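K.L.:
Numbering (our numbering), first residue to last: 304 to 567.
(1) Would you give the residue range spanned by the alpha helix (DSSP H) that residue 408 belongs to?
(2) Is the number of C-beta pairs between the region 364-371 and the region 404-422 that are closer than 8 Å three or more?
(3) Just reading off the beta strand (DSSP E) that residue 572 is part of, what are its end residues?
(4) Tell me, please, whether the region 378-386 touches the region 350-366 by the rule of three or more beta-carbon pairs shorter than 8 Å.
(5) On the criterion of 16 or more Cβ atoms from any shown chain inside 10 Å, does residue 329 qualify as buried, or is it exposed?
(6) Using the Cα positions of residue 482 and residue 491, report the straight-line distance between them to the nearest angstrom.
(7) Might you give, ordered along the chain, the residues of its own chain that have their beta carbon closer than 6 Å to the beta carbon of residue 495, omitting 5 neighbours on each side?
(8) For residue 480, which three-state DSSP category applies?
(9) Taking the alpha-carbon positions, what's the residue 426 to residue 544 distance?
(10) When you compare only the Cα positions, how much space is there between residue 562 and residue 400?
(11) Please report the distance separating the alpha-carbon of residue 475 from that of residue 339.
Below is the structure:
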């Protein structure tokens with residue numbers, strides 16, 4: 304089954320504080336931010352994060368012709384042929400994002416890009432836009448396993464559109480999202496989950512040495528998000544839980560629910 308994901312980027316000032324977001328209806332959603340960036344980079348980050356996070360045939364819906372036309376009109380072929388020069392023989396902007404993104408899309412071979420008109424009332428495009436705008440304004444990342452419209456009602460963004468004050472940008476955060484249990488060897492503990500948790504602990508400890516104010520952000524969903532919370536606790540790094548919705552754990556096995564409430 305092909306998954307439809309909607310992506311968007313936002314920037315307050317362009318350049319300035321930026322955010323990105325992607326959303327799958329009744330599925331995975333996430334947002335992230337950068338303290339100083341551009342709108343085009345955030346559009347790229349949104350699409351790249353979606354392709355990295357979602358397995359299987361994928362349709363990426365974006366209101367950015369910059370992202371969509373690279374693949375629909377095959378701009379990337381000319382870039383590679385000219386050794387990363389554009390048609391004006393100038394270096395391709397944002398190559399640091401484009402190069403790994405193009406490699407990933409081509410390696411997968413199951414990703415399609417479609418343009419959607421922005422700010423035209425499309426529910427999921429508007430949702431991705433709100434996630435991106437909120438991330439840019441608050442300089443905070445969020446994610447969850449099941450998207451519903453209720454999630455958007457819980458978001459708060461400065462209606463003035465002003466950039467956050469510098470003091471708000473001093474904290475360092477890592478948002479954990481991605482694979483679910485089927486991609487991690489199953490729902491029980493196994494060699495894959497043990498290895499990933501151990502690597503996360505090492506990563507968080509190393510990051511905390513560089514950034515004492517480090518905070519891990521997790522939706523505490525099954526899979527990578529729960530492993531991230533466990534790794535943060537083991538590494539003595541503070542973590543913040545942003546639930547997709549209340550009662551998300553109610554259908555889980557008793558042992559998993561207990562684990563969830565211990566981490567909450």
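Virtual Cβ for every residue (Gly too), placed ideally from N, Cα, C. Just so we're clear, the structure is a prediction, and the values are computed from it rather than from any experiment.
P.N.:
The structure says:
(1) As a working note, residue 408 is residue 105 in the chain shown. Start and end: 398-411.
(2) yes
(3) Because the chain is modelled from 304 through 567, residue 572 falls outside the range shown and cannot be assessed.
(4) They do not touch, by the three-pair rule.
(5) Taking the chain shown and counting its residues from 1, one reaches residue 329 at position 26. So residue 329 ends up on the exposed side.
(6) Taking the chain shown and counting its residues from 1, the one referred to as residue 482 is at position 179. Taking the chain shown and counting its residues from 1, the one referred to as residue 491 is at position 188. Taking the straight line joining both Cα atoms gives about 14 Å.
(7) In the chain shown, residue 495 corresponds to position 192, counting from 1. Around residue 495: 487, 488.
(8) Counting from 1 along the chain shown, the entry for residue 480 is found at position 177. In this structure, residue 480 counts as coil in the three-state DSSP scheme.
(9) Residue mapping note: residue 426 aligns to position 123 of the chain shown, counting from 1. Residue mapping note: residue 544 aligns to position 241 of the chain shown, counting from 1. For the pair residue 426 and residue 544, the Cα-to-Cα distance works out to about 26 Å.
(10) As a working mapping, residue 562 is identified with position 259 in the chain shown. As a working mapping, residue 400 is identified with position 97 in the chain shown. In a straight line, the C-alpha of residue 562 is about 37 Å away from that of residue 400.
(11) To locate residue 475, count along the chain shown from 1; it is residue 172. To locate residue 339, count along the chain shown from 1; it is residue 36. When rounded, the distance between both Cα atoms is 14 Å.
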